[in-house]
Amino acid sequence: MTPAVGIDLGTTYSAVAWVNPDGDPEIIPDAAGEPLTASVVSFAGGAPVVGVSAKADLAADATEVAHLFKRSMGNASFRLSLGGRQWSPTELSALVLGHLKAQAEAALGVPVTRAVVTVPDYFTHPQRSATIEAGRLAGLEVPRIISEPTAAALAYGLRPGPRSRRVLVYDLGGGTFDISLVDIDAEGITVRSTEGDHELGGRDWDERLAAIILDKHPDEAAAIEAHPGPLLVAVEDLKRMLSARRAAEVRLVVGDRTLRCEVTREEFEAACRDLLQSTAQLTGKVLEETGLTWADIDGVLPVGGSTRMPMVRDWIEAMSGKPPMGGVHPDQAVALGAAAQAAILLEQEAGLRLDGPGDVEPILRLSAPRRIVGTVAHSLGMIAENAAGDRYVNSVLLPRNRTIPCVETRPYQFHVKGDGSDLLEVFLTQGETDDPAPCAYLGRYLVTGFPGRSRGRTVVDIAYAYDDNAIVGVTATDRSSGAALHVEVADLPEDVPQRFLQPPVRATVREPLTTYLAFDLSGSMAGAPLAAAQQAARAFLAQLDLTTTEVGIVSFSDRVAVSLPATHNAADVERAIGRLTVGSTGVGNATDPFRELRQLLAGVEGRRFGVVLADGVWYNQSGAVQRAHECHRDGVEIIAVGFGSADRKFLRKIASSTEQAMFTNLGQLSAVFGTIAREITESGSSDYRLPGAG
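Going by numbering that gives the first Met the number 0, the first residue of the sequence shown is number 0, and it counts up by one from there.
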């Protein structure tokens, strides 16, 4: 049988593990018995070598040495000139993977043709795709890439312990940092939320040590920096010594001189306090996003070699109020978890080939969790124009922290000529804000193949999906005909992302839409009504073309509150929907939202809507009707939806037309809101009407 092999492809060190015949994951050491392999490649001797020999060349300041290249994974423009040719980070990573593959084959005595490979949780689509490609170049099939915190949690979950634990996996590696909230129980592992920084890691601590040394030897600083290899290796050794001692000395050969420099742990920790604070800020974001406090967390699991530093472990205890959790080797947990995931995949594949699960001999011990649920670390979006048409925005379509695999379908308005030349261009992004500048650009997706008879305005339903590896897929369907459209991924133009930092030059004008959802949050909405209203709001959001539509949230009862100003960002809207709380604006029905809606939408270009949900009788109905009519006169279209004890006559008075007043029940609320959103999306002129008025 193919061995279950997992590889931790690290920024500074890598490791390979397998699941042995007893069902236990274990590290496969190198020929010298070392469990870790330096992620360094040297061409100093001509042919590339990986690991300890390459690290020695780096220490000797050889020029033909590559290291830290994982930080540039997925960057198509990054190249290193080594051994007489240009190398990409993917190709250099393939050399490391090939070395680990050969190491495993030598130890196991059988060919190794596939392996689960780990990546930082915060790796983007291009970085994950580059990792899979590196495996292919190394002669490895990569059936799954798994995030490093998830792999570490899986390794931790293999150990005996309480049936249910909620832990924060604090993963500080050589080049990346991830913090993930993970639930571990007997059935499996669920990642609930994650944050991270793929440019924060142990190497940043090394650089602070290097700065201390250079500050203490200013006269020799230029000479040291001119040949940085020995310094890089020396500070790594010094960092290890300072984890065991209060002070340590480093020696550097500079020309014909040997420099001695003593550094204290106190100096080192003072220089790195802001780095620790950065990890604390990301940890705080995870807790805030999940609505949890430290009291809800069973503990913090430190992973990655950099968590061996006393300052990190002290920082974890200071944050959480508890000592860091033990039970897994911080340097080896990720590789061990990857091997466990490889075994789970082999068992699943065997189960599909045989009569049933009972015929499968488990590779892992029976106590191992079999279900692993990961999350999306990055929101998926597309480039759009804002409502005013004067700048580009990143329109978030599929928010982060959804469980994978997942899919989200969004409508997109498009004008079809019908002559076979129609092409819909979508620039897909990963990013969390409206600003296009910091986004990762995944590609230019070209949608073609519209039915020949199609002409004029149409709606294209585009489905955005993350698979089990958090790799992005895009499909498209013509809504009017139901025909599947052809989607091709093209290279990004050279002027991207710069073109999206300039004002748009409009070839065609699509009318912008701005919609506010206004929710009655009086006391009668507590419980099932509020849950149904939130579900309906999400159904509404799913049917909108967010490249032309901005959505905001207003809540009201005794007073009015703007929960979210109008935005293209679906993630922000979803969070605002989730935060709706009965009693946040009082518990009565003393006011209405129309004055606020009128002010919010004053001067906004394009069509403007207020979708108002009510479940009872408002206190001052005549005043509400008067203010609703002021909205009508200003061109703000009011759509009134009621249920429960809402007054139907009142709904028709506040709506812009009788067709825009609807009465329903809780079970149909999502369907009604979805219909409203579809009609708004598909309406291209002022003769907009809603079906099913009541």
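All C-beta atoms, glycine included, are put in the ideal place defined by N, C-alpha and C. These numbers come from a predicted model, not from an experiment.
Selected residue, minimal CA-CA separation from residue i, among the options
| i | options | result |
| --- | --- | --- |
| alanine 337 | Glu678, Thr1, Glu25, Ser656 | Glu25 |
| aspartate 170 | Ala150, Pro161, Gly156 | Ala150 |
| alanine 294 | Gly320, Arg651, Gly283 | Gly320 |
| alanine 569 | Ala541, Gly587, Ala233 | Ala541 |
| alanine 517 | Thr590, Thr457, Ala475 | Thr590 |
| alanine 270 | Lys238, Val253, Asp255, Leu258 | Lys238 |
| valine 115 | Val64, Asp467, Thr402 | Asp467 |
| proline 227 | Ser242, Ala210, Gly373, Met240 | Ala210 |
| leucine 422 | Thr584, Thr457, Cys405, Lys215 | Thr457 |
| alanine 538 | Phe662, Thr257, Ala676 | Ala676 |
| histidine 485 | Leu491, Thr474, Ala61 | Thr474 |
| leucine 441 | Leu8, Ile6, Gln126, Ala65 | Gln126 |
| lysine 652 | Gln331, Leu81, Glu629 | Glu629 |
| threonine 680 | Val624, Arg478, Lys69, Ala105 | Arg478 |
| alanine 137 | Arg143, Val95, Met524, Val18 | Val95 |
| arginine 143 | Ala246, Ala339, Ser521, Gly526 | Ala339 |
| proline 398 | Pro450, Glu346, Pro2, Glu573 | Glu573 |
| alanine 464 | Arg370, Ile343, Val406 | Val406 |
| proline 492 | Val253, Phe426, Arg632, Gly481 | Phe426 |
| phenylalanine 608 | Phe593, Val671, Ser621 | Phe593 |
| proline 88 | Gly32, Gln102, Arg70 | Arg70 |
| isoleucine 576 | Val232, Thr278, Val624, Gln534 | Gln534 |
| valine 141 | Leu344, Glu266, Val232, Gly174 | Leu344 |
| glycine 602 | Tyr618, Val635, Gly585, Leu612 | Val635 |
| leucine 180 | Asp614, Val299, Glu248, Thr447 | Val299 |
Under 8 angstroms between C-beta atoms of residue i and residue j
| i | j | result |
| --- | --- | --- |
| threonine 306 | proline 329 | yes |
| glycine 156 | isoleucine 188 | yes |
| alanine 439 | threonine 428 | yes |
| leucine 668 | alanine 660 | no |
| serine 76 | valine 118 | no |
| leucine 563 | aspartate 571 | yes |
| valine 610 | threonine 514 | yes |
| alanine 560 | serine 523 | no |
| alanine 469 | isoleucine 403 | yes |
| isoleucine 6 | glutamine 102 | no |
| leucine 596 | valine 550 | no |
| glycine 388 | proline 503 | yes |
| glutamine 600 | histidine 567 | Per the sequence shown, the amino acid found at residue 600 is leucine instead of glutamine. Their beta carbons are not under 8 angstroms apart, which means leucine 600 does not touch histidine 567 by this criterion. |
| phenylalanine 555 | leucine 512 | no |
| alanine 334 | alanine 16 | yes |
| valine 234 | leucine 213 | no |
Range covered by the alpha helix (DSSP H) that runs through residue i
| i | result |
| --- | --- |
| cysteine 630 | 620 to 632 |
| phenylalanine 672 | 668 to 681 |
| tyrosine 411 | That residue, tyrosine 411, is in no alpha helix (DSSP H); its beta strand (DSSP E) goes 405 to 415. |
| tyrosine 155 | 147 to 156 |
| aspartate 695 | The displayed coordinates of the chain run from 0 to 693. Any statement about residue 695 would go beyond what the structure contains. |
| arginine 597 | 593 to 600 |
| glutamate 266 | 264 to 270 |
| glutamine 534 | 527 to 541 |
| alanine 517 | Taken as a continuous stretch (DSSP letters only), alanine 517 belongs to no alpha helix (DSSP H), being part of the beta strand (DSSP E) at 512 to 519. |
| phenylalanine 649 | 647 to 653 |
| glutamine 126 | 124 to 136 |
Rounded distance between the beta-carbons of residue j and residue i, thought under 8 angstroms
| i | j | result |
| --- | --- | --- |
| asparagine 385 | valine 375 | That pair is no contact at about 25 angstroms. |
| proline 528 | aspartate 460 | That belief does not hold up - the Cβ atoms of proline 528 and aspartate 460 are roughly 30 angstroms apart, past 8 angstroms. |
| glycine 73 | tyrosine 121 | At roughly 12 angstroms, the Cβ-Cβ gap does not stay under 8 angstroms, so glycine 73 and tyrosine 121 are not in contact. |
| glutamate 745 | serine 192 | What is shown of the chain runs 0 to 693, which leaves residue 745 out entirely. |
| threonine 674 | phenylalanine 642 | With a Cβ gap of about 15 angstroms, threonine 674 and phenylalanine 642 do not count as contacting. |
| aspartate 184 | leucine 274 | About 33 angstroms; that fails the 8 angstroms criterion. |
| arginine 259 | arginine 250 | 6 angstroms |
| valine 64 | alanine 53 | 6 angstroms |
| glycine 22 | valine 190 | The Cβ separation is near 24 angstroms, so there is no contact. |
Span of the beta strand (DSSP E), counted from its first residue to its last, around residue i
| i | result |
| --- | --- |
| aspartate 182 | 176 to 183 |
| tryptophan 86 | 84 to 86 |
| glutamate 493 | Premise fails: glutamate 493 is in no beta strand (DSSP E) and is neither H nor E. |
| isoleucine 296 | That residue, isoleucine 296, is in no beta strand (DSSP E); it is neither H nor E in DSSP. |
| glutamate 198 | Where glutamate 198 is concerned, there is no enclosing beta strand (DSSP E), given that its DSSP letter is neither H nor E. |
| leucine 441 | 439 to 447 |
| tryptophan 17 | 12 to 18 |
| glutamate 140 | It is not in any beta strand (DSSP E) - glutamate 140 carries neither H nor E in the DSSP assignment. |
| leucine 397 | 391 to 397 |
Q.
Assess contact between the stretch 130 to 137 and the stretch 27 to 46, defined as three or more Cβ pairs (one per stretch) separated by less than 8 angstroms. Is contact present?
A. no
Q: Determine contact between the stretch 264 to 284 and the stretch 106 to 115, defined as no fewer than three beta-carbon pairs at a distance below 8 angstroms.
A: no
Q | Inter-stretch contact (C-beta, 8 angstroms, three-pair minimum) for the stretch 228 to 236 and the stretch 55 to 63 | A | yes
Q: Mind the definition here: the stretch 24 to 38 touches the stretch 78 to 87 only if three or more C-beta pairs lie below 8 angstroms; say whether that holds.
A: no
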